[in-house]
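There are 2 protein chains.
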Amino acid sequence: MRFDGEGGPVVTISDVARDAGVSPSTVSYALSGKRSISTETRHRIEASIRRLGYHPHAGARALASSRTNVLALVVPLRMDLNVPVVMQFVGAAVTAARAYDHDLLLLTKDEGPEGVRRVSASAMADAVIVMDVEASEPRVPVLQSLGRPAVLIGVPDQPRDLSCVDLDFTAAGATAVHHLAELGHRDIALLGPSPAVYERGTSYAGRFLRGFTSAADRHRMAAHSYPCVPSYEGVRTCLDELFRTQPMATGLVVHNEAVLSALLAELSARRISVPQRLSIVAVCPDDMVENHGLALTSVAIPTAEVGQLAVEMAMRQLGGIGQPEIRLLSPRLTVRDSTAPAPADLPEPVNN
Amino acid sequence: MRFDGEGGPVVTISDVARDAGVSPSTVSYALSGKRSISTETRHRIEASIRRLGYHPHAGARALASSRTNVLALVVPLRMDLNVPVVMQFVGAAVTAARAYDHDLLLLTKDEGPEGVRRVSASAMADAVIVMDVEASEPRVPVLQSLGRPAVLIGVPDQPRDLSCVDLDFTAAGATAVHHLAELGHRDIALLGPSPAVYERGTSYAGRFLRGFTSAADRHRMAAHSYPCVPSYEGVRTCLDELFRTQPMATGLVVHNEAVLSALLAELSARRISVPQRLSIVAVCPDDMVENHGLALTSVAIPTAEVGQLAVEMAMRQLGGIGQPEIRLLSPRLTVRDSTAPAPADLPEPVNN
DNA sequence: GCAACGCGTCGAAGCGATTCGACGCCGGAA
DNA sequence: TTCCGGCGTCGAATCGCTTCGACGCGTTGC
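Going down the list, the protein sequences come from chains A and B.
Take the first sequence: its position 73, counted from the start at 1, is 73 in this note's numbering, and no numbers get skipped.
Take the second sequence: its position 139, counted from the start at 1, is 1139 in this note's numbering, and no numbers get skipped.
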């Protein structure tokens, strides 16, 4: 039992063993349950552990067992992504991980493929979860060569043998359009994420757009897409452009959580009433549909589920059961107060 | 050189040593620089490392050196805090940590003091950084007994021997008030964070409020504070309350980034012009003052600096130089378009 | 000319866990 | 009664790295 600086005594497994009158290996087996231990002995060991305040040394454990009980999570730090949404994923993931007695090591996308390799090669994590996946994701080859479980949140063009989980954004796009179609809208638009997001080839943006476009085609609706930088100015520019191109548009799908409040404020300033003149379908986590002065009809982004599933898929692979798989969650539409039947009489064209 | 599942060969320090024709300890010294190595030998070792693709095993390193090169970061997951602000801290911290060749382990405040103890006692991290500090912070005793460096972002009532870093929120409150006083405002209000934040005794909220109140007293201004839940509804309620209590208020300090856009939208809906009728000083990170249709006069929350400083203070303590210290950054006011001299004629009272 | 020293390198002893094989004991099957 | 198998436990090897002490050699100082 060494003493270490200010901190209390550093208790090792041998200290526990001595205190309980058994050998270290017995303590180890009592802890891991990999061999049976008599109830009698187990209780004695548990008591010693509590009395001495024993915590296994993570490094030693990792060295001996080649398991760290740590998951690496790669998050985007960019500000053109919606930050609260990212945080929701992270929160769900860390909570799920703790339920499996694992911790999360935080990496940033900035480090690129090399960061993933570094952490994995130096055995700092047992598996890797990657957010903000791009269509031609440069981290896929690295991830694949790692020989560790990996889960992508999003779907690249070539997932190879990697697990993916996400909302089915293609279906989500279609769902939003379908809802507007049912309400009789014939001329609709998509207010999408920042152009930068598309240019980067971000997985979900493209998938949603495809779903939106092809559903609109199927319904023979007029439909255009307007990427929108997340600022008041960006919203204004987008709306100008939108109503110049489609002055008779009556439906708007918003796939950009960050601009929701600015959009509603600006529409109200322009005296465009929602949902009378313009119906709005938001695509965002459920807890973001309130707080705008109007409950928004929305297609939910199930951040909590996705984050949790990502961890569970990783854990399953670590457990040996379960192969890589691609799981796309079906979209769920909740009708609230921002959508209504298309105006019966031709709406007044919006001019700016 | 073992082979391990799908992953490439697992290269150890002995493999490198053999390849370079030296002993393992020499490789170790070449890597750490703790003893001098001839240039000749060092080059040979570096070449071997590159050729074999050697990455030191983090667990083994931690075991032998009792250093993990990992910092634990405890973040709040609550949604009543402004999430983008939290993310800015995190981003700055992880970037700074990488500059010191360290990684970040993510803990949540949910785990409470026990989480901190767990991670520290099992030697998963060398130091701990804690966000969202409360006045009577329950993690302080644990942190103190750990015998590891710890840095709080925020200042509890009893910091004991722990390092703290933050914006000087007391001074920030005073600065905002002072600016309005100079412009001739005599009747002002504070739109603060959610009541829950105050009830929790969150460090920065109380400090800001104190700075605000005492500065207003000093200037003999009428001043009240209105905690505001971050939703459209919350903003409306607050404004109702505010103008019922202080119909002649001409200045508003907003210490709640999340409601800024809702606030401006609602004010515009109520035909209260900013800054003619009402001057607004925001307290928020600089990159949040745009995007509202009006550049806001603000007292900056230097998230990047604070996050980075937190890491640097932790590193300094790990390096043995530097004692625990409390660093409060001086506030910086930037005058933009949301503040103007108080209306010369008595402003029309706002009634709702 | 010799002691003292610094430099570059090596070997071996840990660090604190896991895990494999072995062993004694007891109960049930033959 | 003997043999076998499972249970509970132990001892020792091992994981990959750091670090301490030692050693040989070439300099430097008196």
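Quick reminder that beta carbons are idealized off the backbone N, C-alpha and C, glycines included.
By the DSSP assignment, the alpha helix (DSSP H) with residue i in it spans what residues?
i, result
"residue 250 (chain A)", "Element bounds for residue 250 (chain A): n/a, residue is neither H nor E."
"residue 1184 (chain B)", "Per DSSP, residue 1184 (chain B) belongs to no alpha helix (DSSP H) and is neither H nor E."
"residue 1262 (chain B)", "1260-1269"
"residue 1136 (chain B)", "Here residue 1136 (chain B) belongs to no alpha helix (DSSP H), and DSSP marks it neither H nor E."
"residue 15 (chain A)", "13-20"
"residue 237 (chain A)", "232-245"
"residue 1199 (chain B)", "1195-1199"
"residue 1207 (chain B)", "1203-1218"
"residue 26 (chain A)", "24-32"
Could you tell me whether the Cβ atoms of residue i and residue j are closer together than 7 Å?
i, j, result
"residue 1192 (chain B)", "residue 1255 (chain B)", "yes"
"residue 1235 (chain B)", "residue 1194 (chain B)", "no"
"residue 1156 (chain B)", "residue 1133 (chain B)", "yes"
"residue 1056 (chain B)", "residue 1318 (chain B)", "no"
"residue 1017 (chain B)", "residue 1023 (chain B)", "yes"
"residue 58 (chain A)", "residue 1079 (chain B)", "no"
"residue 221 (chain A)", "residue 272 (chain A)", "no"
"residue 1163 (chain B)", "residue 1325 (chain B)", "yes"
"residue 1165 (chain B)", "residue 1062 (chain B)", "no"
Return the first residue and the last residue of the beta strand (DSSP E) that residue i is part of.
i, result
"residue 1327 (chain B)", "1326-1329"
"residue 1224 (chain B)", "1222-1227"
"residue 1153 (chain B)", "1150-1153"
"residue 166 (chain A)", "163-167"
"residue 282 (chain A)", "279-284"
"residue 1272 (chain B)", "Unbroken run through residue 1272 (chain B): none, as it is neither H nor E."
"residue 129 (chain A)", "127-130"
Can you give the Cα-Cα distance for residue i and residue j, rounded to whole angstroms?
i, j, result
"residue 135 (chain A)", "residue 1110 (chain B)", "35 Å"
"residue 1337 (chain B)", "residue 1294 (chain B)", "7 Å"
"residue 1275 (chain B)", "residue 1253 (chain B)", "12 Å"
"residue 1262 (chain B)", "residue 1268 (chain B)", "10 Å"
"residue 223 (chain A)", "residue 206 (chain A)", "16 Å"
"residue 1032 (chain B)", "residue 1327 (chain B)", "32 Å"
"residue 1167 (chain B)", "residue 1330 (chain B)", "6 Å"
"residue 1251 (chain B)", "residue 1306 (chain B)", "28 Å"
"residue 1259 (chain B)", "residue 1280 (chain B)", "13 Å"
"residue 316 (chain A)", "residue 1036 (chain B)", "47 Å"
"residue 190 (chain A)", "residue 1083 (chain B)", "26 Å"
"residue 1152 (chain B)", "residue 1042 (chain B)", "40 Å"
"residue 117 (chain A)", "residue 142 (chain A)", "7 Å"
"residue 1038 (chain B)", "residue 1060 (chain B)", "26 Å"
"residue 1186 (chain B)", "residue 112 (chain A)", "53 Å"
"residue 1077 (chain B)", "residue 245 (chain A)", "42 Å"
"residue 1214 (chain B)", "residue 1344 (chain B)", "25 Å"
"residue 1074 (chain B)", "residue 1137 (chain B)", "13 Å"
"residue 11 (chain A)", "residue 1047 (chain B)", "41 Å"
"residue 105 (chain A)", "residue 219 (chain A)", "46 Å"
By Cβ distance below 7 Å, which residues in the same chain neighbour residue i in space, the five residues on each side in sequence not counted?
i, result
"residue 1312 (chain B)", "1096"
"residue 160 (chain A)", "140, 144"
"residue 202 (chain A)", "132, 134"
"residue 1200 (chain B)", "1134"
"residue 1314 (chain B)", "1071, 1127, 1129, 1149, 1151"
"residue 1227 (chain B)", "1192, 1193, 1194, 1195, 1198"
Residues in its own chain within less than 8 Å of residue i by CB, not counting five upstream and five downstream?
i, result
"residue 1303 (chain B)", "1085, 1088, 1089, 1092, 1285"
"residue 347 (chain A)", "248, 250, 277"
"residue 1210 (chain B)", "1170, 1173"
"residue 184 (chain A)", "341, 342"
Does any heavy atom of the ligand ZN sit closer than 6 Å to the C-beta of residue i?
i, result
"residue 248 (chain A)", "By its list of ligands, the structure shown contains no ligand whatsoever, and the ligand ZN lies outside what it can speak to."
Skipping 5 residues on each side, what residues in its chain have a beta carbon closer than 6 Å to that of residue i?
i, result
"residue 308 (chain A)", "92, 96"
"residue 300 (chain A)", "286, 332"
"residue 1288 (chain B)", "1257"
"residue 120 (chain A)", "146, 148"
"residue 966 (chain B)", "For residue 966 (chain B) there is no data in the structure shown, the boundaries of chain B being 1001 and 1352."
"residue 14 (chain A)", "24"
Would you list, in sequence order, the uninterrupted beta strand (DSSP E) runs of no fewer than 3 residues that lie entirely inside the region 1290-1317 of chain B?
You should have 1297-1300.
Hey, which unbroken runs of the alpha helix (DSSP H) at 4 residues or more fall wholly within the region 35-117 of chain A?
DSSP assignment within the region 35-117 of chain A yields the following whole alpha helix (DSSP H) runs of 4 residues or more, N-terminal first: 39-52, 58-65, 83-99.
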